[in-house]
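Structure first, then comments.
Numbering (the numbering used here), first residue to last: 47 to 225.
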């Protein structure tokens, strides 16, 4: 008999709520950390002499990242799935899921095979892009990072909205993709 078995339903509810909170705080912390770090890069890039091509790349990349990362990536896919997995974790806590809640709600484990392949491939792709963009000189780096800041900020807001919906709307019907 453990803390999370059926003989201690109050404990399970508390662990589930703690796990959901930890999962949400962990995901938002990761996103906000990136927003703050990249905002510093963008602000530093404003000290450089921007030419028309830098402005054009910044504008085009901002629109592209708002659409691809913000709307398609976060609002239509990642954020609703994170919220659904937060709700599922709240109702089905386990020591591993609660302890690793941010990783669980992002889909790094105990998700469908396709989702897990996607999240790991996306992570590798993001790391490669971070390394490549980090090697660029200013103001090119700022011109690209401003779009990422917009997309990640959209992700923070959409994750908060969907988490709110998952916990307040009994009709929230997004599949948590838990096998």
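Virtual Cβ for every residue (Gly too), placed ideally from N, Cα, C.
Between residue i and residue j, which are expected to be in contact by the criterion C-beta below 8 Å, what is the C-beta distance as a whole number of angstroms?
i: residue 72; j: residue 148; result: 3 Å
i: residue 189; j: residue 104; result: 4 Å
i: residue 129; j: residue 211; result: 7 Å
i: residue 19; j: residue 208; result: It is not possible to answer for residue 19, since the shown part of the chain is limited to 47 through 225.
i: residue 184; j: residue 90; result: 7 Å
i: residue 120; j: residue 205; result: 7 Å
Please name the residue in the options whose C-alpha comes closest to that of residue i.
i: residue 159; options: 76, 66, 224 and 80; result: 224
i: residue 65; options: 116, 220, 136 and 195; result: 136
i: residue 79; options: 145, 134 and 195; result: 195
i: residue 115; options: 217, 197 and 219; result: 197
i: residue 67; options: 217, 162, 156 and 132; result: 132
i: residue 187; options: 95, 59 and 56; result: 95
i: residue 58; options: 199, 98, 169 and 139; result: 139
i: residue 219; options: 178, 203 and 134; result: 134
i: residue 199; options: 146, 142, 141 and 117; result: 117
Residue i to residue j, Cα distance in whole Å?
i: residue 87; j: residue 74; result: 20 Å
i: residue 92; j: residue 171; result: 27 Å
i: residue 174; j: residue 180; result: 10 Å
i: residue 70; j: residue 176; result: 24 Å
i: residue 61; j: residue 110; result: 40 Å
i: residue 217; j: residue 81; result: 32 Å
i: residue 156; j: residue 144; result: 13 Å
i: residue 154; j: residue 162; result: 6 Å
i: residue 108; j: residue 84; result: 13 Å
i: residue 182; j: residue 191; result: 11 Å
i: residue 169; j: residue 100; result: 27 Å
i: residue 56; j: residue 222; result: 23 Å
i: residue 165; j: residue 152; result: 8 Å
i: residue 63; j: residue 193; result: 34 Å
Can you determine whether any heavy atom of the ligand MG sits closer than 7 Å to the C-beta of residue i, and answer yes or no?
i: residue 95; result: Absence of the ligand MG from the depicted structure is noted, as is the absence of any ligand whatsoever, leaving it without description.
Which runs of the alpha helix (DSSP H) fall wholly inside the stretch 54–142 and span at least 4 residues, in chain order? 55–91, 98–111 and 125–137
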